[in-house]
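Every position in the sequence shown, counted from 1, becomes a number in our numbering once 3 is added.
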Amino acid sequence: MIKRRMWRLLALLFAFSLVAAACGGDDDADDAGASETETETTAAASEDEAMDEEMAEEEEDEGATGALGGAAAEEDIEAAVAGEDDDEEMADEEMAEEEEMTFDRSTLQGIFDEAAARRAKTVAELTEKVEAGEYGVGDDGILRGPAGFEIDMNECPSDWSSTTGITDSQVRIGHTTAQSGNLAAYGVIADGWENYFNWMNANDPIMVGGSPRDLTLIVKDDGYVAAQTIEFVDELIEAENVFSILTLGSPNTLAVYDKLNEECIPQPFVMTGHPAWGDPVNHPWTTGLQMSYSTESILWGAWIRENLSDLLPVKVAGLVMDNDFGLAYELGFHEWAEANTDVVSEYLPVRHDPAAPTLTNEMTTIAAFEPDVFISMTAGNPCLLAVQEAGQSGLYDDINAKGGALFTPSVCKAIEAYMKPAGDYANNWWIVGGGIKDSTDPKYVDEPFIAFVNDNLVEAGLDPAVSLYATGYMFGYPYGEALRIAADLPGGLNRTNFILAVRSIDMYHPQALDGINAQLNGSADAYFIEGSDFSQFDAGAQTWNIIGDIVDVNGRSTNCAWDKDNGGCR
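Quick look at the structure:
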């Protein structure tokens, strides 16, 4: 009962932004001034530290269970809906601090100046705690950080070193990704990430012991096959001696994150939005970056409730990739639908083989179901196939004729890869976009950071028309910021300082839409991005138009200890 109330309340919270849009909200809300809040880890007073620890304990005691972990806690949602924020006074203080740190985000230099100032602030606060013996590795072998974050370093392998992967000239970082198979389009993210690291190496390198180190990316193509990921991770650890590892894909990351945590190897900002990465207690070395698929599932439901009132309750069909990634979506929306039968009368998930070359049979089944809403819960090339097959099967016309809606998932926002090739059939599709800008969208191409990204890509001979290259910067930029923070902490760059920096990061991400916060806070806030836009595609202008306000529930998502055997959060 508590769980169902939570999802209803969360849907109501999101509804406020949608109602506001209907009463005069600006479709171009993404052009408004940015608003961020300072992370609670910046509090230096002892009572604030105690508050952080109390928050972490509440997360552990009251975390959501079931498929929909990684969403906002019930008491926070109730307070937000009622307009009674217990942290109003703290928020006012943080806003005052934010106003003191004002930079010109309309210039690249202003963005870099703000990044440097935020890093310096975080370094100063962490250093104070480390020198006081509150953070860092203590005499008992426990690594401690903000908001009750802890890692028992005594359980690391006997031959473990905090500086593995750091040589006289390099910091070696391993990456497994899909450069072949149905999700091969995502493989170029690695090229974009490497392009950013190359820029850092040439212009503003990481300093270790007073001398520069090149960030070296070692990429392995696992073809989105989890068994291959396991082999490559073993190779990266045993033969390549990497400092840290980044994985792409939910099934791939789930296959190796136990091992990487047992080996005490940092695995931050993984390229997947599965809710399992919000587990700082059992998997402290692993974090995500993008919006959780659980949050996305709730947002789909909230949008349906507020925008299809004349059709309620609706029939919903989902095209589901048949693996751990698709399962997170399927279970998440199924649980929301069961708790909201006044909104969803029937829900039909139709699974497909991740390697299937066509989706004709699956989409024919869905069309025969005659849904009011279709949700694509897949990734990679199947996203494009779903848009094309919806058009060719008549599903696109049928749903639009009855005033329903078709959704593509947040992981398929890239215009060039997934929308443009579908032609007119892509027009008017919806997306819960995860709060990230597409670098090819005419709205953003002239922004200083996007222009910086695209210029770097051109200089390297990479096509900026492929926005997934810029997605590499989306992951590389916070990765670089965390490395810089770690390098400036007592003891310099090492694995423990790196994960401490990651778990304390509070940054402005220039590739996120205004109103989207990007921060982590120890064990109290384990999700880097917790907000999204609602956008609709204009095939004629080749752009995503934001409809309504940006939704952000930063710092309010409960942790998720994922049950790999049965699915859902324990």
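Backbone N, C-alpha and C define an ideal beta-carbon position, used for all residues, glycine too.
Quick one: using the 10 Å Cβ neighbour count with 16 as the cut-off for buried, is residue i buried or exposed?
| i | result |
| --- | --- |
| Ser526 | buried |
| Ser183 | exposed |
| Trp547 | buried |
| Gly406 | exposed |
| Trp163 | exposed |
| Pro254 | buried |
| Lys588 | Because residue 588 is not part of the residues shown, which for the chain are 4 to 573, the question remains open. |
| Pro481 | buried |
| Arg573 | exposed |
| Phe145 | In the sequence on display, residue 145 carries Ile and not Phe. Exposed is the call here. |
| Asn157 | exposed |
| Gly438 | buried |
For a test of the three-state rule: what should DSSP assign to residue i, helix, strand or coil?
| i | result |
| --- | --- |
| Asn524 | strand |
| Ser214 | strand |
| Pro467 | coil |
| Glu349 | strand |
| Asp282 | coil |
| Ile418 | helix |
| Val435 | strand |
| Thr180 | strand |
| Gln586 | Residue 586 lies beyond the range of the chain shown here (4 to 573); nothing can be said about it. |
| Ala123 | helix |
| Glu158 | helix |
| Gly534 | strand |
| Asp444 | coil |
| Ala359 | coil |
| Thr167 | coil |
| Glu450 | coil |
| Ala382 | coil |
| Trp565 | strand |
| Leu460 | helix |
| Met477 | helix |
| Ile576 | Residue numbering for the chain in the displayed model covers 4 to 573; residue 576 lies beyond these limits and cannot be assessed. |
| Gly518 | coil |
| Ile114 | helix |
| Ala425 | helix |
| Leu387 | helix |
| Val222 | strand |
| Val376 | strand |
| Ala135 | coil |
| Ala529 | coil |
Which residue marks the beginning of the beta strand (DSSP E) containing residue i, and which one marks its end?
| i | result |
| --- | --- |
| Asn548 | Thr546 to Ile549 |
| Phe540 | Phe537 to Asp541 |
| Ile307 | No beta strand (DSSP E) contains Ile307, which is instead part of the alpha helix (DSSP H) from Tyr296 to Asn310. |
| Arg498 | Element bounds for Arg498: not the beta strand (DSSP E) but the alpha helix (DSSP H), Arg498 to Val505. |
| Gly151 | Neither: Gly151 is in no beta strand (DSSP E) and is coded neither H nor E. |
| Ser413 | Where Ser413 is concerned, there is no enclosing beta strand (DSSP E), given that its DSSP letter is neither H nor E. |
| Thr250 | Ser247 to Thr250 |
| Ile145 | Ile145 to Arg147 |
| Thr289 | Thr289 to Gly291 |
May I ask which residues mark the beginning and end of the alpha helix (DSSP H) holding residue i?
| i | result |
| --- | --- |
| His337 | Asp327 to Ala342 |
| Trp202 | Val191 to Asn206 |
| Asp401 | Leu398 to Ala404 |
| Gln231 | Ala229 to Glu241 |
| Ala320 | Looking at the DSSP string, Ala320 is not in any alpha helix (DSSP H); the run it does join, the beta strand (DSSP E), is Val317 to Met324. |
| Thr367 | Thr363 to Phe372 |
| Thr256 | Ser253 to Glu265 |
| Gln270 | Per DSSP, Gln270 belongs to no alpha helix (DSSP H); it is in the beta strand (DSSP E), Gln270 to Val273. |
Please determine, among the options, the residue with the shortest C-alpha to C-alpha distance to residue i.
| i | options | result |
| --- | --- | --- |
| Val220 | Gly570, Leu311, Pro385 and Thr179 | The amino acid occupying residue 220 in the given sequence is Leu; Val does not appear at that position. If we check each option's Cα against that of Leu220, Thr179 comes out closest. |
| Gly479 | Ser297, Thr289, Cys386 and Ile176 | Ile176 |
| Leu387 | Ala371, Thr363 and Asp400 | Thr363 |
| Ala193 | Leu460, Leu263 and Thr499 | Leu460 |
| Gly3 | Phe537, Trp280, Ile553 and Ile240 | The chain is shown from 4 up to 573; residue 3 falls before or after that span and cannot be answered. |
| Asn557 | Cys572, Gln539, Ser538 and Met510 | Met510 |
| Gly136 | Ala382, Pro493, Asn524 and Trp565 | Pro493 |
| Glu133 | Gln293, Cys563, Ser507 and Ser470 | Here the sequence assigns Val to residue 133, which means Glu is not the residue at that position. Among Gln293, Cys563, Ser507 and Ser470, the Cα nearest to that of Val133 is on Ser507. |
| Asn457 | Val140, Arg147 and Trp202 | Trp202 |
| Glu243 | His512, Asp444, Ile169 and Asp282 | Ile169 |
| His286 | Gly213, Glu299, Lys446 and Pro271 | Pro271 |
| Asp536 | Gly543, Ala542, Gly551 and Asn524 | Gly551 |
| Cys415 | Tyr350, Glu265, Leu186 and Arg308 | Leu186 |
| Pro513 | Tyr530, Ala473, Gly495 and Asn524 | Ala473 |
Determine whether the Cβ of residue i lies closer than 8 Å to any Cβ atom of chain C.
| i | result |
| --- | --- |
| Glu341 | Of the chains in the structure shown, none is chain C; there is only one protein chain. |
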